[in-house]
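Q: Read left to right, the sequence shown gives residues 77 to 453 (our numbering).
Don't be surprised by glycine CBs; every beta carbon is placed ideally from N, CA and C.
Model, not experiment: these values are computed from the prediction.
First the structure, then my questions, so here it is.
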Amino acid sequence: MDDFNGEEQEGLGVYQVTHINGERCSSARAYLFPHRDRKNLTVETHAQTQRILIENGVAIGVEYKQNGQLKQIRARREVLLSAGAMQSPQILMLSGIGDQHELVEHGIEVKKHLPGVGKNFHDHPDFIFGYKVREIQGTFGLSIPGSIDLLKQIGRYRKERRGLLTTNFAECGGFIKSSPEQKLPNLQLHFVIALVDNHARTLHTGHGISCHVCLLNPKSRGTIKISGPSMDDPLLIDPNFYGEESDLEEMVKGFKLTQTLMQSEAFKSMIKEDLFTANVHTDEEIRQVLRDRSDTVYHPVGSCKMGVDDMAVVDPRLRVYGIQNLRVVDASIMPKVVNGNTNAPAIMIAEKAVDMINQDQASVAFIEKKDKISVAI
Numbered sequence: 077m078d079d080f081n082g083e084e085q086e087g088l089g090v091y092q093v094t095h096i097n098g099e100r101c102s103s104a105r106a107y108l109f110p111h112r113d114r115k116n117l118t119v120e121t122h123a124q125t126q127r128i129l130i131e132n133g134v135a136i137g138v139e140y141k142q143n144g145q146l147k148q149i150r151a152r153r154e155v156l157l158s159a160g161a162m163q164s165p166q167i168l169m170l171s172g173i174g175d176q177h178e179l180v181e182h183g184i185e186v187k188k189h190l191p192g193v194g195k196n197f198h199d200h201p202d203f204i205f206g207y208k209v210r211e212i213q214g215t216f217g218l219s220i221p222g223s224i225d226l227l228k229q230i231g232r233y234r235k236e237r238r239g240l241l242t243t244n245f246a247e248c249g250g251f252i253k254s255s256p257e258q259k260l261p262n263l264q265l266h267f268v269i270a271l272v273d274n275h276a277r278t279l280h281t282g283h284g285i286s287c288h289v290c291l292l293n294p295k296s297r298g299t300i301k302i303s304g305p306s307m308d309d310p311l312l313i314d315p316n317f318y319g320e321e322s323d324l325e326e327m328v329k330g331f332k333l334t335q336t337l338m339q340s341e342a343f344k345s346m347i348k349e350d351l352f353t354a355n356v357h358t359d360e361e362i363r364q365v366l367r368d369r370s371d372t373v374y375h376p377v378g379s380c381k382m383g384v385d386d387m388a389v390v391d392p393r394l395r396v397y398g399i400q401n402l403r404v405v406d407a408s409i410m411p412k413v414v415n416g417n418t419n420a421p422a423i424m425i426a427e428k429a430v431d432m433i434n435q436d437q438a439s440v441a442f443i444e445k446k447d448k449i450s451v452a453i
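What follows is the structure in structure tokens.
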């Protein structure tokens, strides 16, 4: 696969990434940092949003905590909430926007009953195959030779901006179908040049490789709930992976396809030990290891979904229903997760939001100008 952004996505290849001059290029680096000197831009660091200030159904500002002190900032036009699929619904609920029964339970004054806040939460359920390899070249790991090579790679990176340290770890992968009957690929693979276990919290000596397989179109839906009226209260996150049996069965197929790939001749000479799936053979054993080890692949969406139904949180212009001057602009507005990584789509949502905000502000300015002319006449 030469171009994953082309007409067809089925196949394997090297992923396109947000990368510049040998370094990851985040949205902050691309959009924010070049404009830090603008007079109309203030960035508050070490600050945590506590709630949105709402008066008479209008968002008028934000309350935040900075260095232990509560502060408020007022909005002249709109408040834009971009805290992600977990904290955007949390902030809405703490501001009095959500299911009224849940809000009252935590002593929060209801500003707007929107039962969809925190619902429809979902992610790509992901399973990782992990293997120790015979040769350390081209991989990250814990070993004396690996540490020596890492020092060399650091020097090369500083001098040439090339080499192993330019990696995004998941450099290649692809999109495949769980069965020929699928119209579009419903599984994604990420190949990693390191041994990944429990989000790298569990370390293994030696060097290894990993291969992720995730389900792209899960039917299961989870929830985001608050446990109290404060940002200090733990957030209750339930992804509900495999809540729908069909998700599990599709992942069983994905497991088998990935296992077959990793047992191919191309990998046999490279792999020394299968850490997690060596004794997994039957469908029931596969189901069990999927239940035990599946986790997030960092693509959470949907908890403030866009739509026109009763469970929608924002309208097609990202405006929160029932509250003026408040929009949500992040992946939480996706009604359904995209069939791939969410980084680029989240940036696209923000780009589109800018266009809509400018259009709406221009429309308001025109109406206000027209009203003034009418009054003057």
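Mind pulling the alpha helix (DSSP H) runs of 4 or more residues that sit fully within the region 308 to 393?
A: Listed in chain order, they are 321 to 338, 341 to 344, 359 to 369.
Q: With 16 as the cutoff for other CB atoms within 10 Å, does serine 439 come out buried or exposed?
A: It is exposed - the Cβ of serine 439 has fewer than 16 other Cβ atoms within 10 Å.
Q: To the nearest angstrom, how far is the alpha carbon of serine 408 from that of isoleucine 128?
A: Distance between the alpha carbons of serine 408 and isoleucine 128: 17 angstroms.
Q: Which residue or residues does DSSP assign as beta-bridge partners of phenylalanine 197?
A: Paired residue(s): Gly298.
Q: Is there contact between the region 93 to 104 and the region 116 to 131, where contact requires at least three CB pairs shorter than 8 angstroms?
A: Counting Cβ pairs under 8 angstroms, fewer than three are found: no touch.
Q: Heavy atom of the ligand MG less than 7 angstroms from the Cβ of valine 186, yes or no?
A: Only the bare structure without any ligand can be found here, which leaves the ligand MG out of the picture.
Q: Helix or strand or just coil, what does DSSP make of lysine 228?
A: Here lysine 228 sits in helix by DSSP.
Q: In whole angstroms, what is the alpha-carbon distance linking arginine 150 and glutamine 126?
A: Roughly 14 angstroms separates the two Cα atoms.
Q: Give the single residue among Ile269, Ser254, Met424 whose Cα lies nearest to the Cα of valine 209.
A: It is Ile269 whose Cα lies nearest to the Cα of valine 209.
Q: What are the boundary residues of the beta strand (DSSP E) that includes alanine 123?
A: It spans 123 to 131 - the beta strand (DSSP E) in which alanine 123 sits, taken as one unbroken run.
Q: I'd like to check one pair, histidine 198 with glycine 378: are the Cβ atoms closer than 8 angstroms?
A: Yes, the pair counts as a contact, with Cβ atoms nearer than the cut-off.
Q: Which of the three DSSP states, helix, strand or coil, is assigned to tyrosine 140?
A: In the structure shown, tyrosine 140 sits in a strand (DSSP, three-state: E or B).
Q: Does the region 330 to 348 come within contact of the region 229 to 236, defined as at least 3 CB pairs closer than 8 angstroms?
A: Not touching, per the Cβ criterion.
Q: If you draw a straight line from the alpha carbon of proline 392 to that of aspartate 202, how long is it in whole angstroms?
A: Answer to the nearest angstrom: the Cα atoms are 30 angstroms apart.
Q: What is the rounded straight-line gap between the Cα of valine 389 and the Cα of asparagine 262?
A: When rounded, the distance between both Cα atoms is 27 angstroms.
Q: Rounded to whole angstroms, what's the CA-CA distance from alanine 452 to lysine 195? Just pull it up for me.
A: Caution applies to alanine 452, whose pLDDT of 42 falls short of 50 and renders its modelled position unreliable; the model cannot decide the point.
Q: Looking at valine 155: is its Cβ nearer than 8 angstroms to the Cβ of asparagine 401?
A: Yes, the pair counts as a contact, with Cβ atoms nearer than the cut-off.
Q: Tell me the DSSP secondary structure of glycine 284 in three-state form.
A: If DSSP states are grouped into helix, strand and coil, glycine 284 belongs with the strands.
Q: Suppose contacts are defined by Cβ-Cβ distances below 8 angstroms. Is glutamine 166 in contact with leucine 311 by that definition?
A: Yes. Within cutoff.
Q: Does the separation of the CB atoms of glycine 249 and histidine 266 fall below 8 angstroms?
A: Yes. Within cutoff.
Q: Inspect the beta-carbon positions of leucine 179 and methionine 169 and report whether they are closer than 8 angstroms.
A: Yes, Cβ-Cβ distance for leucine 179 and methionine 169 is below 8 angstroms.
Q: To the nearest angstrom, how far is it from the Cα of glycine 298 to the Cα of leucine 292?
A: Roughly 16 angstroms between the two C-alpha positions.
Q: Quick check on valine 413: buried or exposed, where buried means 16 or more other Cβ atoms within 10 Å of its Cβ?
A: That one is buried.
Q: Report the option in Phe317, Ile220, Leu260 whose CA atom is closest to the CA atom of threonine 281.
A: Cα-wise, what sits closest to threonine 281 is Ile220.
Q: Determine the direct distance from the alpha carbon of valine 93 to that of leucine 146, and round the result to whole angstroms.
A: Looking at the two C-alpha atoms, the distance is approximately 39 angstroms.
Q: Give the straight-line distance between the Cα atoms of serine 322 and threonine 278, rounded to the nearest whole angstrom.
A: Rounded to whole angstroms, serine 322 to threonine 278 spans 30 angstroms at the Cα level.
Q: What does DSSP give as the partner residues of isoleucine 149 in its beta bridges?
A: In the DSSP output, where bridge partners are listed per residue, isoleucine 149 has Val138.
Q: When the Cα of serine 223 is compared with those of Leu241, Arg237, Leu394, Val430, which residue comes out closest?
A: Among Leu241, Arg237, Leu394, Val430, the Cα nearest to that of serine 223 belongs to Leu241.
Q: At the level of alpha carbons, what is the spacing between asparagine 460 and threonine 372?
A: Residue 460 lies beyond the residue range present for the chain, which begins at 77 and ends at 453; the question has no answer from this structure.
Q: When you compare each of Asp273, Lys301, Ile302 to histidine 288 by their alpha carbons, which one comes out closest?
A: The shortest C-alpha separation from histidine 288 is found at Asp273.
Q: Just grab the DSSP bridge partners of glutamate 251 for me.
A: Note that residue 251 is phenylalanine in the sequence shown here, rather than glutamate. According to DSSP, phenylalanine 251 bridges with Glu86, Gln264.
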